[in-house]
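Read the structure below first, then the notes.
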Amino acid sequence: MKKIVGLVVLLVFVQQLANAQKNSIEWHSFEEVIEKTAENPKMILVDVYTDWCGWCKKMDRNTFTDPKVIAYVNENFYAVKLNAEDRKKKFEFKGEEYNGQTMARQMKVRSYPNFVIMDSAMESITQLPGYREPDNFVSSLKSLLENFAH
């Protein structure tokens, strides 16, 4: 009987974990995005944030948890979170070594939150600076896709 109860608890936990993954944006590293765009080209959404940024935290709490935002971003973009002050985690991008701080500088990000949109060739095409409510965020992304998708 204990084994059955344990198995049921495990199954419920696994189901909740699977649902949680569907109910959140799939964040990737730059390395993962490079591989993924080679297999299935999509535009890239880079969320450039800092730990001290209150509006960044509000984006995480309000906008990035909205089901419309989650569905739209996961379907149309590869999403990357980039801490603009991180100097520790290093990664390679287009043959150069970066950390969060040097990459944010390379992308010319000067305010937070800021969303850098890159095409499938990993070239920056525009930025969406500042906090955005869910509906505004989705409509901004839709406009971008209509104008820049190839």
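Take the sequence shown: its letters are residues -20 to -1, 1 to 130, numbered as in mature numbering (1 follows the signal peptide of the UniProt record, and there is no 0).
For glycine and all other residues, C-beta sits at the position ideal for the given N, C-alpha and C.
Own chain residues within Cβ distance below 7 Å of residue i, not counting five before or after
i	result
valine 49	Thr43, Pro114, Phe117 and Val118
residue 189	Residue 189 cannot be examined here, being either before or after the span of the chain that is shown, -20 to 130.
Residue i to residue j span [Cα, whole Å]
i	j	result
threonine 106	methionine 23	11 Å
lysine 68	valine 13	20 Å
alanine 84	cysteine 33	15 Å
glutamine 1	tyrosine 52	A caution first: glutamine 1 carries a pLDDT of 46, below 50, which makes its placement in the model too unreliable to give a value.
proline 21	aspartate 31	30 Å
asparagine 79	glutamate 72	9 Å
serine 91	aspartate 66	15 Å
serine 123	phenylalanine 95	14 Å
glutamine 81	glutamate 11	16 Å
arginine 41	serine 9	21 Å
Where residue i falls, given that 16 or more other Cβ within 10 Å makes a residue buried
i	result
asparagine 3	exposed
proline 47	exposed
glycine 59	According to the sequence displayed, residue 59 carries alanine and not glycine. It counts as buried.
glycine 75	exposed
Assumed close pair residue i, residue j - CB separation to whole angstroms, cut-off 8 Å
i	j	result
alanine 64	valine 28	5 Å
lysine 88	tryptophan 7	Their Cβ separation, rounded to whole angstroms, is 22 Å, which puts lysine 88 and tryptophan 7 out of contact at 8 Å.
threonine 45	methionine 102	Actually they are not in contact, since the Cβ atoms of threonine 45 and methionine 102 sit about 27 Å apart, beyond 8 Å.
Nonlocal neighbours in the same chain, by C-beta distance under 8 Å from residue i, ignoring five residues either side
i	result
serine 120	Leu108 and Arg112
phenylalanine 128	Met23, Ile97, Asp99, Ile105 and Thr106
asparagine 56	Lys22, Met23, Leu121 and Leu125
asparagine 54	Ile5 and Glu6
glutamate 19	none
glutamine 86	Tyr78
Chain-order list of residues whose beta-carbon lies under 6 Å from that of residue i (same chain, five-residue window excluded)
i	result
lysine 70	Glu77 and Asn79
Distance cut-off 8 Å: residue i Cβ against heavy atoms of the ligand ZN
i	result
proline 21	By its list of ligands, the structure shown contains no ligand whatsoever, and the ligand ZN lies outside what it can speak to.
Just to confirm the assignment: which complete alpha helix (DSSP H) runs, minimum length 4, are found wholly within the segment 22 to 103? 34 to 38, 47 to 56 and 80 to 86
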